[in-house]
Amino acid sequence: MATQIPQKQWAQVIEKTGGEIQYKEIPVQKPGSDEVLVNIKYSGVCHTDLHAWQGDWPLPTKLPLVGGHEGAGVVVATGELVEDVKIGDHVGIKWLNGSCLACGFCQQSDEPLCPKPLLSGYTVDGTFQQYAIGKAAHVARIPKELPLDAIAPILCAGITVYKGLKESGATPGQSVAIVGAGGGLGSLALQYAKAMGLRTIAIDTGDEKRDMCTKLGAEAFVDFAKSSNVVKDVQAATSDGLGPHAVILVAVNEKPFQQAAEYVRPRGTVVCIGLPAGAYLKAPVFESVIKMVTIKGSYVGNRKDSAEAIDFYARGLIKAPFKVVGLSELKNVYAKMQKGEIAGRYVLDTSK
Ligand code: 8ID
Ligand code: ZN
Ligand code: ZN
Numbered sequence: 001m002a003t004q005i006p007q008k009q010w011a012q013v014i015e016k017t018g019g020e021i022q023y024k025e026i027p028v029q030k031p032g033s034d035e036v037l038v039n040i041k042y043s044g045v046c047h048t049d050l051h052a053w054q055g056d057w058p059l060p061t062k063l064p065l066v067g068g069h070e071g072a073g074v075v076v077a078t079g080e081l082v083e084d085v086k087i088g089d090h091v092g093i094k095w096l097n098g099s100c101l102a103c104g105f106c107q108q109s110d111e112p113l114c115p116k117p118l119l120s121g122y123t124v125d126g127t128f129q130q131y132a133i134g135k136a137a138h139v140a141r142i143p144k145e146l147p148l149d150a151i152a153p154i155l156c157a158g159i160t161v162y163k164g165l166k167e168s169g170a171t172p173g174q175s176v177a178i179v180g181a182g183g184g185l186g187s188l189a190l191q192y193a194k195a196m197g198l199r200t201i202a203i204d205t206g207d208e209k210r211d212m213c214t215k216l217g218a219e220a221f222v223d224f225a226k227s228s229n230v231v232k233d234v235q236a237a238t239s240d241g242l243g244p245h246a247v248i249l250v251a252v253n254e255k256p257f258q259q260a261a262e263y264v265r266p267r268g269t270v271v272c273i274g275l276p277a278g279a280y281l282k283a284p285v286f287e288s289v290i291k292m293v294t295i296k297g298s299y300v301g302n303r304k305d306s307a308e309a310i311d312f313y314a315r316g317l318i319k320a321p322f323k324v325v326g327l328s329e330l331k332n333v334y335a336k337m338q339k340g341e342i343a344g345r346y347v348l349d350t351s352k
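Going letter by letter, the sequence shown gives residues 1 to 352 in UniProt numbering.
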């Protein structure tokens, strides 16, 4: 019992890495036996989509490619093996479009580490189109009363920072520095941290981002472009001057990845999430040893993390700013993102 599904749809298509992105009509695909077809209503634009277009990671994308992996919409068709997702359900297509479900990582709910992942908007077509396909086992379940535009950014940015905060081991009352706090992941990190009882120090640049971060609950803001000593300023922003208990790195720049171990508190944890092209981690061995610092990576979240991140939103705890523009506007959003001009997240409305 399929609803009205058109043959053609609007999409943003990358024919060649780094080349023109074409806004054009392409065929609507049919879901495979374990897949669902989702009428995407809104899709967030993550910096990962920009990396995919520019090809600056050591992992090639499929081509031609429809990017996007923060897609919230309504199921319009299901494959014959799909039982627990129904036509009309609200679901989200996230970065991890599918995984094998059989390997040791999948068995332990560590599916982002699956050696055979399907990545939305990277190795399979994503959500910058009106109809996208997701593996039924992996689509995020979205309660029908929640607004799909606000949920879209949760589907990557929200899940990822929520998971990263859990990985940091920081406990209520402790302080966390969010590096890149003015961006998409950072703005949500401030909200999740606050909801988790953590105190936050925001690091980013510019008055617009300072105002937004303060509104989102940051107790201090360090402007990395204006500060003459970021390490000192971040430590000074903690009540005893010893630095934050954890650092969440969501910037798209190598420098802060080389600074964090210097200002984190003894026994603190540095969580790397941002993926600046060609970047390396660097930390002074002496300080890292005598401070017993932990440095680790954190990569999206599993299905349970996803459901929990959405539930934080459902309980009214997450209110990060986002701006809605038409799907046709993707190029302008990328231009702003490249210049670091986006405070919060842009969300594309696929009907425009
Ligand atoms: O699972 C993962 N690990 C994962 C998931 C999702 C996204 C990783 N990411 C990666 C993206 O691929 C990207 O590399 O996280 C990074 C951040 O994504 P985003 O939040 O979507 O990007 P943004 O909205 O452009 O925000 C980046 C912010 O960093 C600030 C910028 O001003 C911007 O607000 N920033 C930069 I660039 N350099 C900085 C610095 N030195 C800085 N902030 C503080 N210090
Ligand atoms: Zn993302
Ligand atoms: Zn697997």
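Positions of the beta carbon are idealized from the N, C-alpha and C atoms, including for glycine.
Top-ranked residue by Cα proximity to K8, from E25, D311, P266 and F224: E25
Which first and last residues belong to the beta strand (DSSP E) in which W10 is found? K8 to I14
Short check: CB of A177 to CB of V234, under 8 Å? yes
Report yes if the CB atom of D49 is closer than 8 Å to the CB atom of G121, and no otherwise. Yes, Cβ-Cβ distance for D49 and G121 is below 8 Å.
Assumed close pair A140, L119 - CB separation to whole angstroms, cut-off 8 Å: With a Cβ gap of about 15 Å, A140 and L119 do not count as contacting.
DSSP three-state call for I154: helix, strand or coil? helix
Rounding to the nearest angstrom, what Cα-Cα distance links G164 and V264 in this structure? 16 Å
Please list, in chain order, all residues with a C-beta atom less than 5 Å from at least one heavy atom of ligand 2. C46, T48 and C156
So what's Q130 in DSSP terms, helix, strand or just coil? coil
Alpha carbon to alpha carbon, what distance is there between L348 and G326? 5 Å
Do A11 and F105 have their beta-carbon atoms positioned less than 8 Å apart in this structure? no
Strictly by DSSP, which residues pair up with N39? In DSSP, N39 forms a bridge with V74 and Y131.
Can the beta-carbon of P153 be found closer than 8 Å to that of E70? E70 sits close to P153, with the two beta carbons spaced by under 8 Å.
Just mark F257 as buried or exposed, buried being the case when its beta carbon has 16 or more other beta carbons within 10 Å. buried
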